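First up is the structure itself, then whatever we jot down about it.
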Amino acid sequence: MTLAQQTGFALRNARLVSDLQHLNATMRALNRGLGDANSELAQLDSVKTDFVTIASHELRTPLAQIRGYTDIIDTINEQGMLDQSQTTVLVTNLRKATERMEELIAAMLDVSQLDVDAMDLRFAPTTIESVTRQAIEPLTDAIRQRKLSLLVRGMKGLPQLEADLQRLVQAFRNVIVNAIKFTPDGGRIEITASLQPAQIKGGVDHILVTIADTGVGIDATHTELIFKKFYRAFDPQLHSTGTYKFLGAGPGLGLTIAKGVIESHGGRIWAESEGHNVEGTPGSTFYVLLPTVPPADARRAVTFDTAATKLPSK
Numbered sequence: 161m162t163l164a165q166q167t168g169f170a171l172r173n174a175r176l177v178s179d180l181q182h183l184n185a186t187m188r189a190l191n192r193g194l195g196d197a198n199s200e201l202a203q204l205d206s207v208k209t210d211f212v213t214i215a216s217h218e219l220r221t222p223l224a225q226i227r228g229y230t231d232i233i234d235t236i237n238e239q240g241m242l243d244q245s246q247t248t249v250l251v252t253n254l255r256k257a258t259e260r261m262e263e264l265i266a267a268m269l270d271v272s273q274l275d276v277d278a279m280d281l282r283f284a285p286t287t288i289e290s291v292t293r294q295a296i297e298p299l300t301d302a303i304r305q306r307k308l309s310l311l312v313r314g315m316k317g318l319p320q321l322e323a324d325l326q327r328l329v330q331a332f333r334n335v336i337v338n339a340i341k342f343t344p345d346g347g348r349i350e351i352t353a354s355l356q357p358a359q360i361k362g363g364v365d366h367i368l369v370t371i372a373d374t375g376v377g378i379d380a381t382h383t384e385l386i387f388k389k390f391y392r393a394f395d396p397q398l399h400s401t402g403t404y405k406f407l408g409a410g411p412g413l414g415l416t417i418a419k420g421v422i423e424s425h426g427g428r429i430w431a432e433s434e435g436h437n438v439e440g441t442p443g444s445t446f447y448v449l450l451p452t453v454p455p456a457d458a459r460r461a462v463t464f465d466t467a468a469t470k471l472p473s474k
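The sequence shown runs 161 to 474 under my numbering.
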């Protein structure tokens, strides 16, 4: 074999070895990706199973209340002992139970509309100050009862943005409610807004809103998972119903809806935290980045029954 032949043979072998190494690296990457996908599928499967537990609990409680109060009304009415004050108390409690069921059903409908990109959005000029104020208004009693301090700053002087006011208020309220639920009594919530000028000539300005709390925090591996449907940070068997109670929670749809609404406006939402610790309360910060003018493909108004998904009255 000549030297040239030996050299050619060596070069071919080197290429084959290089190709084999590249193929092995690709296989390892694919296996890692498959492992990650299987892990996420297992998590999502667990999340859906948890939702059945949580939703049944959420629905069972108001249904039991409705049945109990109607039995009381029936018994008292038979005895002719039902006076005006008793009627008022019973009707009030029945209304609360039915409103809780309506909220859960409305949340499920909202998520289903987001899944098929069919949520009705009607854009009009508004301000982030108005959005934030309307999001907070129904929560003031809960904030006071929980002895939380709320600081809002940076809202003045920001440019208007085009948005569906009702839906954006709903999204912000969901994020603030999340902060209330996972911040212990006496904690602090800060909402700050700032202008993010366009990075390129002719680009769109953005408004960045941060919602920071001194709550229990989020595990680093869950900062994206919290926006998935039905996600719950705790064992659903330990689930406690309570709209604003510390560590109380609903079916795990609030942040999913918030993310869907914000992304439908051409924006982004993400969370950062130093970790999860109920005792140490490292806190969490949610970031909402919204364009002052949403992209053209966000300007849609698909007709559907808006009454079915109205915001719950407080």
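Note that CB positions come from ideal geometry on N, CA and C, so glycine has one too. Predicted model, so just to flag it, every value in this text is computed and none were measured.
Cβ-Cβ separation, residue j to residue i (assumed contact under 8 Å), whole Å
{"i": "Asp-373", "j": "Thr-343", "result": "5 Å"}
{"i": "Ala-257", "j": "Pro-222", "result": "4 Å"}
{"i": "Gln-320", "j": "Pro-285", "result": "5 Å"}
{"i": "Met-279", "j": "Ser-444", "result": "Actually they are not in contact, since the Cβ atoms of Met-279 and Ser-444 sit about 26 Å apart, beyond 8 Å."}
{"i": "Val-448", "j": "Gly-420", "result": "Going by Cβ atoms, the distance from Val-448 to Gly-420 rounds to 13 Å, so no, they are not a contact pair."}
{"i": "Ser-309", "j": "Arg-348", "result": "5 Å"}
{"i": "Leu-318", "j": "Leu-355", "result": "6 Å"}
{"i": "Thr-452", "j": "Val-329", "result": "Not really, about 17 Å apart at Cβ, beyond 8 Å."}
Three-state secondary structure assigned by DSSP to residue i
{"i": "Phe-387", "result": "helix"}
{"i": "Gln-181", "result": "helix"}
{"i": "Ala-267", "result": "helix"}
{"i": "Glu-259", "result": "helix"}
{"i": "Leu-254", "result": "helix"}
{"i": "Leu-407", "result": "coil"}
{"i": "Ile-349", "result": "strand"}
{"i": "Gln-356", "result": "strand"}
For residue i, the first and last residue of its enclosing beta strand (DSSP E)
{"i": "Asp-373", "result": "366-373"}
{"i": "Val-448", "result": "444-451"}
{"i": "Ile-429", "result": "428-433"}
Residue i classed as buried or exposed, judged by whether at least 16 other C-beta atoms fall within 10 angstroms
{"i": "Asn-338", "result": "buried"}
{"i": "Lys-307", "result": "exposed"}
{"i": "Ser-178", "result": "exposed"}
{"i": "Ile-360", "result": "exposed"}
{"i": "Asn-334", "result": "buried"}
{"i": "Thr-292", "result": "buried"}
{"i": "Ile-265", "result": "exposed"}
{"i": "Ser-199", "result": "exposed"}
{"i": "Asp-181", "result": "Per the sequence shown, the amino acid found at residue 181 is Gln instead of Asp. Exposed, because fewer than 16 other Cβ atoms sit within 10 Å of the Cβ of Gln-181."}
{"i": "Met-187", "result": "exposed"}
Element boundaries [alpha helix (DSSP H), containing residue i]
{"i": "Ile-422", "result": "414-424"}
{"i": "Ala-339", "result": "325-341"}
- Continuous alpha helix (DSSP H) assignments of at least 4 residues falling wholly in the region 281-317: 288-296 and 300-305
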